[in-house]
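Some notes on the structure that comes next.
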Amino acid sequence: MMTRRAAGDSPTTAFRFGRACGTRLAGSTSIKDHSVADAAINPSAATLLHPFDILEQLDARIRERAPAAAAGGQLSEMRGRLALRLSLWNLLFSMDDVAEIIPVPRITRVPGVKRWLLGIANLRGKVVSVSDLRDFLTGRPTVQLPGSQIVVMHAGGWDYGLLVDEIVGMRHFGPQQRLPSLEEVDADLRPYVAEGFRNDQQIWLAFDTGRLLADPRFLNAAY
């Protein structure tokens with residue numbers, strides 16, 4: 022279970038700009054779990070919770086039901102994933118890597134960097150770099166829509182933001198849904214995909230942010 026991370030790490034450099042720990046912001050996107058109907062949070066209690074906490078509670082309740090589901094012949098992962106859309110792709114982010122989800126904030130451009138590094142944002146006094154993930158992967162910038170969100174990821178002692186098209190909710194997949202291979206995944210995306218799943222005629226791809234952070238191109242945004 023994820024716990025709230027204390028904000029207090031000293032900023033170092035990410036993309037030569039602030040790697041910093043942020044705190045969750047009020048006004049973050051609300052999230053629904055479309056895969057397990059009986060895991061809903063009590064609405065009266067939900068009004069007192071941050072939307073990201075609701076997502077975490079959904080995941081906890083789903084995992085509580087996992088032993089019973091397994092006994093009934095239903096295979097399920099013990100840990101849910103954050104489902105989102107980026108361009109034509111349905112992606113899954115590990116909940117262990119997600120710090121918060123926020124509307125697109127005011128972003129300050131930084132001169133001398135590649136276009137996909139949108140700039141830096143101030144999240145309650147913490148400087149976080151914000152990148153257009155689609156632009157980085159494909160060379161085509163994201164057209165921001167009302168549903169666009171920033172997923173703030175954490176890695177070690179620093180946070181960074183990724184612009185995505187839409188947050189879908191939580192998804193759980195069992196081994197029987199796993200794709201046998203990733204040969205059909207787009208070449209732009211394939212290096213960052215750990216595994217894939219098929220559900221209701223849709224393909225969902227587990228995006229490995231560790232591979233993203235290991236890519237020298239992502240760590241060197243300066244021209």
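Under my numbering, think of the first position of the sequence shown as 22, with each following residue one higher. Every residue, glycine too, gets a C-beta built ideally from N, C-alpha and C. These numbers come from a predicted model, not from an experiment.
Open item on the list: So, for I141: in the same chain, excluding its five sequence neighbours on each side, which residues have a beta-carbon less than 8 Å away from its beta-carbon?
Closed with: Mapped onto the sequence shown, residue 141 falls at position 120. The residues are F38, G39, I128, T129, V131, V148, V149, S150, V151.
Task: Whole alpha helix (DSSP H) elements within the region 91-162, 4-residue minimum - done: 154-159
- [ ] Please go through the same chain and pick out, in chain order, the residues whose beta-carbon is closer than 8 Å to the beta-carbon of N63, but skip the five residues on each side of it.
- [x] Residue numbering aside, residue 63 sits at position 42 when the sequence shown is read from its first letter. Since pLDDT at N63 reaches only 41, below the 50 mark, its modelled position is unreliable, and no value is offered.
TODO: Consult DSSP for F218 and reduce its assignment to one of helix, strand or coil.
DONE: To locate residue 218, count along the sequence shown from 1; it is residue 197. Reduced to three states, the DSSP call for F218 is strand.
Open item on the list: Checking 8 Å against the spacing of the C-beta atoms, do A120 and G190 come in under that value?
Closed with: Here residue 120 corresponds to residue number 99 of the sequence shown, with the count starting at 1. Here residue 190 corresponds to residue number 169 of the sequence shown, with the count starting at 1. Going by C-beta atoms, A120 is not nearer than 8 Å to G190.
Open item on the list: Restricting to Cα atoms, I'd like to know which of L139, M174, V173 is closest to T163.
Closed with: Within the sequence shown, the letter at position 142 stands for residue 163. That would be L139, whose Cα lies nearest to the Cα of T163.
Open item on the list: My assumption, with CB atoms under 8 Å, is that V134 sits in contact with Y213. Please give the rounded CB distance.
Closed with: The residue given as residue 134 occupies position 113 in the sequence shown. The residue given as residue 213 occupies position 192 in the sequence shown. Not confirmed; about 21 Å, so no contact.
Open item on the list: If I follow the unbroken beta strand (DSSP E) through L200, where does it start and stop?
Closed with: The sequence position of residue 200 within the sequence shown is 179, counting from 1. Looking at the DSSP string, L200 is not in any beta strand (DSSP E), and its letter there is neither H nor E.
Open item on the list: Going by DSSP, what residue range makes up the beta strand (DSSP E) through R192?
Closed with: Counted from its first residue, the sequence shown places residue 192 at position 171. Segment 187-192, the beta strand (DSSP E) holding R192.
- [ ] Kindly indicate which three-state DSSP category Y213 falls into: helix, strand or coil?
- [x] For the purposes of this step, residue 213 is taken as the residue at position 192 of the sequence shown. Note: Y213 maps to helix in three-state DSSP.
TODO: For the beta strand (DSSP E) holding R226, just list the boundary residues, first then last.
DONE: Against the sequence shown, residue 226 aligns to sequence position 205. Looking at the sequence shown, residue 226 is not Arg but Leu. Per DSSP, L226 belongs to the beta strand (DSSP E) from 223-228.
Open item on the list: Please report the straight-line C-alpha distance between N111 and L144, rounded to a whole angstrom.
Closed with: Position 90 of the sequence shown, counted from the start, is the residue given in the question as residue 111. Position 123 of the sequence shown, counted from the start, is the residue given in the question as residue 144. Rounded to whole angstroms, N111 to L144 spans 27 Å at the Cα level.
TODO: Would you tell me roughly how many angstroms separate the C-alpha atoms of L154 and L183, rounded to the nearest one?
DONE: As a working mapping, residue 154 is identified with position 133 in the sequence shown. As a working mapping, residue 183 is identified with position 162 in the sequence shown. Spanning the two alpha carbons is a distance of roughly 6 Å.
Open item on the list: Taking the alpha carbon of D186 as the reference point, which residue from L109, G231, N241 has its own alpha carbon closest?
Closed with: Walking along the sequence shown from the start, residue 186 turns up at place 165. Minimum Cα distance to D186 is reached at L109.
Task: L184, DSSP secondary structure in three states - done: Taking the first residue of the sequence shown as position 1, residue 184 is located at position 163. Note: L184 maps to strand in three-state DSSP.
- [ ] Determine, using beta carbons only, whether D118 and W137 come nearer to each other than 8 Å.
- [x] Here the question's residue 118 lines up with position 97 in the sequence shown. Here the question's residue 137 lines up with position 116 in the sequence shown. No, these two residues do not count as a Cβ contact at 8 Å.
Task: Cα-Cα separation, R106 to M116 - done: For this step, residue 106 is matched to residue 85 along the sequence shown. For this step, residue 116 is matched to residue 95 along the sequence shown. Straight-line Cα distance between these residues: approximately 16 Å.
TODO: Determine, using beta carbons only, whether N220 and Q197 come nearer to each other than 8 Å.
DONE: As a working mapping, residue 220 is identified with position 199 in the sequence shown. As a working mapping, residue 197 is identified with position 176 in the sequence shown. Going by C-beta atoms, N220 is not nearer than 8 Å to Q197.
Open item on the list: If distances are taken between C-alpha atoms only, which option among Q165, A242, L234, D209 comes closest to M174?
Closed with: Counting from one through the sequence shown, the residue named residue 174 turns up at place 153. Among Q165, A242, L234, D209, the Cα nearest to that of M174 is on L234.
Open item on the list: Buried or exposed for D180, going by 16 or more other Cβ atoms inside 10 Å?
Closed with: Counting from 1 along the sequence shown, the entry for residue 180 is found at position 159. That one is buried.
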